[in-house]
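Colleague: Mind having a look at this structure? Questions to follow.
Numbering (our numbering), first residue to last: 394 to 480.
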C-alpha cells in the first residue's frame, strides 16, 4: 500500500484519469473530492465488500472464491485425441 501525505487543496492523480483532492479535514474525518471518467465505478470500501460478498453468495462461492467441496471440481479436463493421434 502506498501512503501519501496531502494538505487541504492538494491532490493525487492515478493513471492519468483519476484525481483525488483533499477538500476538508475535520477531526478524524477527511472529505475527498474525486474526478474520474464517467464509465468508472467508484464505491466506498464497505459497499464494495458487501457487493462482493453478495455476488459470491449468489454464485455459491465461499470467502476464498471456491465452490463447495473439492470433489465438485474435476481434477483434470479431458478432450478428444490430438489431430496427429486421430485414427
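Each residue gets a CB set at the ideal place from its N, CA and C atoms; glycine is no exception.
Grouping DSSP H, G and I as helix and E and B as strand, with all else coil, what is residue 404?
Modeller: Within the chain shown, residue 404 is the residue found at index 11, counting from 1. Strand, per DSSP.
Colleague: Checking the sheet assignment: what are the DSSP bridge partners for residue 414?
Modeller: Start at 1 with the first residue of the chain shown, and residue 414 comes out as number 21. BP columns for residue 414 point to 404 and 426.
Colleague: So, using beta-carbon positions, are residue 364 and residue 435 closer together than 8 Å?
Modeller: Outside the displayed range of the chain (394 to 480) lies residue 364, so it cannot be described from this structure.
Colleague: For residue 429, which residues of its own chain have a beta-carbon under 8 Å away from its beta-carbon, when the five flanking residues on both sides are left out?
Modeller: Position 36 of the chain shown, counted from the start, is the residue given in the question as residue 429. Contacts found: 410, 411, 412 and 435.
Colleague: Take residue 403 as the anchor and find which of 395, 396 and 416 has the nearest alpha-carbon.
Modeller: Locating residue 403 in the chain shown gives position 10, where the first residue counts as 1. Closest by alpha carbon: 416.
Colleague: Please classify residue 419: does DSSP put it in a helix, a strand, or coil?
Modeller: Reading the chain shown from its first residue, position 26 is the one you call residue 419. It is a strand residue.
Colleague: Find out if the Cβ-Cβ distance for the pair residue 418, residue 401 is shorter than 8 Å.
Modeller: On the chain shown, position 25 is the one that residue 418 refers to. On the chain shown, position 8 is the one that residue 401 refers to. Yes. Within cutoff.
Colleague: Compare the Cα-Cα distances from residue 408 to each of 420, 448 and 433 and report the closest residue.
Modeller: For the purposes of this step, residue 408 is taken as residue 15 along the chain shown, with counting starting at 1. Of 420, 448 and 433, the residue nearest in Cα terms is 433.
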